[in-house]
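Asker: Take this structure first; my questions come after.
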Amino acid sequence: MDSTTLVLLALPLIVLDVVLIVYSLYDLTRPERVVRWLPKPVWAVVILLVSTFGAIIYLLLGREEA
58 MDSTTLVLLA
68 LPLIVLDVVL
78 IVYSLYDLTR
88 PERVVRWLPK
98 PVWAVVILLV
108 STFGAIIYLL
118 LGREEA
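Per my numbering, the very first residue in the sequence shown carries number 58; after that it's consecutive.
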């Protein structure tokens, strides 16, 4: 398998990861959003630095439902 094929196979996962991170950051920056455990700037750092897992942790544990 050459590198071009490998990149084409990984591309949907990369796009999904980027969409998940962008959505998490968008959700975090909404003014009405209340978060648990950490302040919003710290959640933003977690989402960006921990990438996929940071976004998933924020969406599952960090948001407080109204």
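Each residue gets a CB set at the ideal place from its N, CA and C atoms; glycine is no exception.
Tell me, which residues are paired with ARG120 by DSSP?
Answerer: Note: ARG120 sits in a beta bridge opposite VAL92.
Asker: So, using beta-carbon positions, are TRP100 and VAL91 closer together than 9 Å?
Answerer: No, the Cβ-Cβ distance between TRP100 and VAL91 is not below 9 Å.
Asker: Does the Cβ of VAL72 have 16 or more other Cβ atoms within 10 Å, making it buried, or fewer, making it exposed?
Answerer: Result: exposed.
Asker: By a C-beta neighbour count over all protein chains shown, 10 Å radius and 16 as the cutoff for buried, is LEU68 buried or exposed?
Answerer: Answer is exposed; the Cβ neighbour count stays below 16.
Asker: Drop a sphere of 10 angstroms on the beta-carbon of VAL103, count the other beta-carbons inside from all chains shown, and report buried for 16 or more, exposed for fewer.
Answerer: Flag for VAL103 reads buried.
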